[in-house]
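Please read the structure below before turning to the comments.
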Amino acid sequence: MEIEGQATVKESQPPKFALLVDSEHKATEFHLFSSAAPHMRAFHLSWISFFSCFVSTFAAPPLLPIIRDNLNLTATDIGNAGVASVSGAVFARIAMGTACDLFGPRLASASLILLTAPAVYFTSIASSPISFLLVRFFTGFSLATFVSAQFWMSSMFSGPVVGTANGVAAGWGNLGGGATQLIMPLVFSLIRDIGAVKFTAWRVAFFIPALFQTLSAFAILIFGQDLPDGNYQRLQNSGNKQKDKFSRVFYHGITNYRGWILALTYGYCFGVELTVDNIIAEYFYDRFNLKLHTAGIIAASFGLANIVSRPAGGVLSDMMAKRFGMRGRLWALWAVQTLGGVFCIILGQVGSLTASIVVMIVFSVFVQAACGLTFGVVPFVSRRSLGVISGMTGGGGNVGAVLTQLIFFKGSKYSKETGITLMGVMIVCCTLPIFLIYFPQWGGMFCGPSSEKIATEEDYYLSEWSSKEQGKGLHQASLKFADNSRSERGRRVHSQTLPSNATPSANV
Amino acid sequence: MAARVLVLASILIFSCFAETCYGVISFSSLQRTLVVTASHRQGLLKAGEDKITVRWGLNQSFPAGTDSSYKTIKVQLCYAPISQVDRAWRKTEDHLNKDKTCQFKIVKKPYTNVNETLEWTIERDVPTATFFIRAYALDSDDHEVAYGQNTDAEKKTNLFEIQAITGRHVSLDIASVCFSAFSVVSLMGFFFMEKRKARKSQQ
Numbered sequence: 001m002e003i004e005g006q007a008t009v010k011e012s013q014p015p016k017f018a019l020l021v022d023s024e025h026k027a028t029e030f031h032l033f034s035s036a037a038p039h040m041r042a043f044h045l046s047w048i049s050f051f052s053c054f055v056s057t058f059a060a061p062p063l064l065p066i067i068r069d070n071l072n073l074t075a076t077d078i079g080n081a082g083v084a085s086v087s088g089a090v091f092a093r094i095a096m097g098t099a100c101d102l103f104g105p106r107l108a109s110a111s112l113i114l115l116t117a118p119a120v121y122f123t124s125i126a127s128s129p130i131s132f133l134l135v136r137f138f139t140g141f142s143l144a145t146f147v148s149a150q151f152w153m154s155s156m157f158s159g160p161v162v163g164t165a166n167g168v169a170a171g172w173g174n175l176g177g178g179a180t181q182l183i184m185p186l187v188f189s190l191i192r193d194i195g196a197v198k199f200t201a202w203r204v205a206f207f208i209p210a211l212f213q214t215l216s217a218f219a220i221l222i223f224g225q226d227l228p229d230g231n232y233q234r235l236q237n238s239g240n241k242q243k244d245k246f247s248r249v250f251y252h253g254i255t256n257y258r259g260w261i262l263a264l265t266y267g268y269c270f271g272v273e274l275t276v277d278n279i280i281a282e283y284f285y286d287r288f289n290l291k292l293h294t295a296g297i298i299a300a301s302f303g304l305a306n307i308v309s310r311p312a313g314g315v316l317s318d319m320m321a322k323r324f325g326m327r328g329r330l331w332a333l334w335a336v337q338t339l340g341g342v343f344c345i346i347l348g349q350v351g352s353l354t355a356s357i358v359v360m361i362v363f364s365v366f367v368q369a370a371c372g373l374t375f376g377v378v379p380f381v382s383r384r385s386l387g388v389i390s391g392m393t394g395g396g397g398n399v400g401a402v403l404t405q406l407i408f409f410k411g412s413k414y415s416k417e418t419g420i421t422l423m424g425v426m427i428v429c430c431t432l433p434i435f436l437i438y439f440p441q442w443g444g445m446f447c448g449p450s451s452e453k454i455a456t457e458e459d460y461y462l463s464e465w466s467s468k469e470q471g472k473g474l475h476q477a478s479l480k481f482a483d484n485s486r487s488e489r490g491r492r493v494h495s496q497t498l499p500s501n502a503t504p505s506a507n508v
Numbered sequence: 001m002a003a004r005v006l007v008l009a010s011i012l013i014f015s016c017f018a019e020t021c022y023g024v025i026s027f028s029s030l031q032r033t034l035v036v037t038a039s040h041r042q043g044l045l046k047a048g049e050d051k052i053t054v055r056w057g058l059n060q061s062f063p064a065g066t067d068s069s070y071k072t073i074k075v076q077l078c079y080a081p082i083s084q085v086d087r088a089w090r091k092t093e094d095h096l097n098k099d100k101t102c103q104f105k106i107v108k109k110p111y112t113n114v115n116e117t118l119e120w121t122i123e124r125d126v127p128t129a130t131f132f133i134r135a136y137a138l139d140s141d142d143h144e145v146a147y148g149q150n151t152d153a154e155k156k157t158n159l160f161e162i163q164a165i166t167g168r169h170v171s172l173d174i175a176s177v178c179f180s181a182f183s184v185v186s187l188m189g190f191f192f193m194e195k196r197k198a199r200k201s202q203q
């Protein structure tokens, strides 16, 4: 559903969309079982491609009991590879955020996916601890598709449903980390039963995630589009979208302190999720003497909880916003993530298999819901530099994973149980900075909105544009967004009079 | 109420002790009554190709009747200490249920009173490491009652190294390279087509 790039499109001929949209043509509703272009189609493309990247990045852990014997790995080698698998994406996510702001999520994500697919193919021919570390490092870059997925959802869906859209897209993508713990051992046994020897079967198994990744990138390029109104390149050529300057976009992103706080706290929900994806199968296999298959199933249930828990976080965020506005989103985020930390501490303490499984599942629900709640807040931190903020937060998630694995899960210093408990303590501590997030127009956890002058959404979002840029009219999209974001005031929005030039939600 | 708690507590405590009586056998309680030797060609042994000749039998210096409870003999390939460093999944534990030293079964057969010999081809799933050979004598309940190994008590002598298969094949190598190249080339192809479409729509 593309409109032709004519500079003379008038509001009297609004384009027809399958869903209700706002003034920026972002959908204000979310229909999970539809794949109508462009909104729901973008949703399905982004979660499926992100899912495939997760499958590839965490394809090695469930097969580690085989790989560690084939490549003669020590516990230190395994720990290093685990750190490497999540460290590449730290900078890749920030770069991806900027690329989305400049080139659009469609090209940015498809390029990354196709450029990291070779790393997955080359995993089949790894022959030493170093080559294993390198392939895991480069494969891990593909986790930056998270940023493009969130950016794409934030571009396609409006305030009332953006938390839900972000939560479901990311949750179903993160599902890949759990699904792979089931898929890889299954594919491995199938290939081995056909007749391949163990040390060859795991190699062949890696072609499955690699092919899936390649095909999902093709789907994005063929069926996707950046914005409800079309692709960046075409819109830029026709004058409907202004091309922004990298230095300004980047500057406004990194100077926003809220981005840095969210980066830290995301490191202790998503970063923890990545860490657990890396260590949990081996933990169950070694501690409880299970079969590879069984350890894989249990480990999978951690990631599989994503199918509902992260979306639930997004939905909860939207529900809290409806009643309490942005303050509700912040409170819910803090509470859920802190509880996640508490259950992590308990997980390291329990010693029986059944108790471990139960606590692990409860822990996974809270930690993943916290991820969903975080991305209920991120779309509102900046409009001009949405990509950079998404990238910083996403990158922070990976930094958390790197730090946690380096401190607690490298080599043989701490037993895995102790590492898990200490990780839980760190989660609780690193969630406290959420207290410091404050929006002048909406307030923070402990303070209400600024009452010195009546701080408005326009003031906040237009502060990202200089008066010269505003003179050129570059800030129009931010103006529309500011108006649409008034819903973040919670119930108070009904008592405010809307500005006279506000356009009501466009109905088809 | 207090009496019930006491009974429950004592049942729990006794069941812990019962476990040590029935299930958990410790390696240090076993007698070394078997003599095991292993011979092989010189140099690094290759998995899937080379053979090891294993001989085992009762140590004749023990009194007759020592082996009256031996029903089965289990011969295993075990990791030497050097291959256990920084690898907790190969750790030696005294409780045999938790011990992970010996992970490969060479043979398990009924026990006979005579010295036996076996020529074993090293399986293709044996990893690259340093090994020794140990034989356990099992009773009719399949519990270990005695052992023998081809190395000394510190596991320092008569060790041998095995080199694993790589698991790689030329066809896999070629497939990896081809598919990778295809991914990158197709991306460039897409970009090229996008640029052409954009240029066309501008004209």
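So the sequences go chain by chain: A and B. For the first sequence, the residue numbers in full-length UniProt numbering are 1 to 508. For the second sequence, the residue numbers in full-length UniProt numbering are 1 to 203. Don't be surprised by glycine CBs; every beta carbon is placed ideally from N, CA and C.
Any beta carbon from chain D within less than 7 Å of residue i's own beta carbon?
i              : result
S183 (chain B) : No chain D is part of this structure, whose protein chains are labelled A and B.
How many angstroms separate the CA atom of residue i from the CA atom of residue j?
i                     : j              : result
G163 (chain A)        : F439 (chain A) : 18 Å
W120 (chain B)        : F132 (chain B) : 14 Å
I106 (chain B)        : Q181 (chain A) : 31 Å
S140 (chain B)        : D286 (chain A) : 29 Å
V9 (chain A)          : G230 (chain A) : With a pLDDT of 40 at V9 (chain A), under the threshold of 50, the predicted position of this residue should be treated as unreliable, though the coordinate-derived value follows. Computed Cα separation, rounded: 13 Å.
T374 (chain A)        : L262 (chain A) : 7 Å
F58 (chain A)         : Q368 (chain A) : 17 Å
F446 (chain A)        : F435 (chain A) : 7 Å
A146 (chain B)        : V36 (chain B)  : 12 Å
T130 (chain B)        : G43 (chain B)  : 12 Å
Q84 (chain B)         : E154 (chain B) : 14 Å
I222 (chain A)        : L187 (chain B) : 12 Å
F288 (chain A)        : D152 (chain B) : 31 Å
C16 (chain B)         : G419 (chain A) : Here the model assigns C16 (chain B) a pLDDT of 46, short of 50, so the residue's position is not dependable, and the following value carries that caveat. About 28 Å.
M426 (chain A)        : S69 (chain B)  : 55 Å
Q225 (chain A)        : I345 (chain A) : 44 Å
L30 (chain B)         : L138 (chain B) : 11 Å
N278 (chain A)        : N113 (chain B) : 50 Å
residue 244 (chain B) : A38 (chain B)  : No answer is possible for residue 244 (chain B): it lies beyond the span of chain B, which begins at 1 and ends at 203.
Determine whether the beta carbon atoms of residue i and residue j lie at a separation below 7 Å.
i              : j              : result
G177 (chain A) : G303 (chain A) : yes
A42 (chain A)  : M156 (chain A) : yes
V350 (chain A) : G97 (chain A)  : no
P478 (chain A) : Y461 (chain A) : A small correction: the amino acid at residue 478 (chain A) is Ser; Pro does not occupy that position in the sequence shown. Yes. Within cutoff.
R124 (chain B) : A47 (chain B)  : yes
W47 (chain A)  : G167 (chain A) : no
K480 (chain A) : S23 (chain A)  : yes
S154 (chain A) : F206 (chain A) : no
I94 (chain A)  : G444 (chain A) : no
H25 (chain A)  : S35 (chain A)  : no
F188 (chain A) : W202 (chain A) : yes
N484 (chain A) : S158 (chain A) : yes
Thinking residue i and residue j are a contact (beta carbons under 8 Å), I'd like their distance in whole angstroms, please.
i              : j              : result
G340 (chain A) : G171 (chain A) : Actually they are not in contact, since the Cβ atoms of G340 (chain A) and G171 (chain A) sit about 15 Å apart, beyond 8 Å.
G313 (chain A) : V342 (chain A) : The pair is not a contact, with the Cβ atoms about 17 Å apart (cut-off 8 Å).
D86 (chain B)  : T74 (chain A)  : 4 Å
K323 (chain A) : G490 (chain A) : A small correction: the amino acid at residue 323 (chain A) is Arg; Lys does not occupy that position in the sequence shown. The pair is a contact, with the Cβ atoms about 6 Å apart (cut-off 8 Å).
L71 (chain A)  : A126 (chain A) : 7 Å
G148 (chain B) : R55 (chain B)  : About 10 Å; that fails the 8 Å criterion.
T265 (chain A) : C430 (chain A) : 6 Å
Q441 (chain A) : E417 (chain A) : Not a contact, Cβ separation roughly 46 Å.
Item to check | Stretch pair the segment 86 to 93 of chain B + the segment 162 to 171 of chain B: three plus CB contacts closer than 8 Å | outcome: no
Checklist entry - Between the segment 79 to 90 of chain A and the segment 104 to 112 of chain A, do three or more beta carbon pairs fall short of 8 Å? => result no
Item to check | Length at least 4, wholly inside the segment 244 to 332 of chain A: the alpha helix (DSSP H) runs in chain order | outcome: 246 to 254, 257 to 267, 270 to 287, 292 to 304, 309 to 324
Checklist entry - Considering only residues of the segment 398 to 485 of chain A, which uninterrupted alpha helix (DSSP H) runs meet the minimum length of 4 residues and lie entirely inside it, listed in chain order? => result 416 to 431, 457 to 462, 467 to 471, 476 to 484
Checklist entry - Can we say the segment 400 to 410 of chain A touches the segment 263 to 281 of chain A, given the rule of at least three CB pairs closer than 8 Å? => result yes
Next on the checklist: Any contact between the segment 43 to 62 of chain A and the segment 207 to 221 of chain A? By contact I mean 3 or more CB pairs, one from each, below 8 Å.
Outcome noted: yes
Item to check | Three CB pairs or more closer than 8 Å across the segment 72 to 88 of chain B and the segment 99 to 119 of chain B | outcome: yes
Checklist entry - Does the segment 379 to 388 of chain A come close enough to the segment 474 to 490 of chain A to have 3 or more Cβ pairs within less than 8 Å? => result yes
Item to check | Sequence ranges, beta strand (DSSP E) only - wholly within the segment 54 to 101 of chain B, length at least 3 | outcome: 72 to 79
Item to check | the segment 457 to 471 of chain A touching the segment 124 to 139 of chain A, judged by at least three CB pairs closer than 8 Å | outcome: no
Item to check | Start-end ranges of the alpha helix (DSSP H) lying completely within the segment 28 to 90 of chain A, minimum 4 residues | outcome: 39 to 57, 64 to 70
Checklist entry - In the segment 136 to 212 of chain A, which residue ranges form an unbroken alpha helix (DSSP H) of at least 4 residues, counting only runs that do not cross its ends? => result 145 to 156, 159 to 194, 198 to 205
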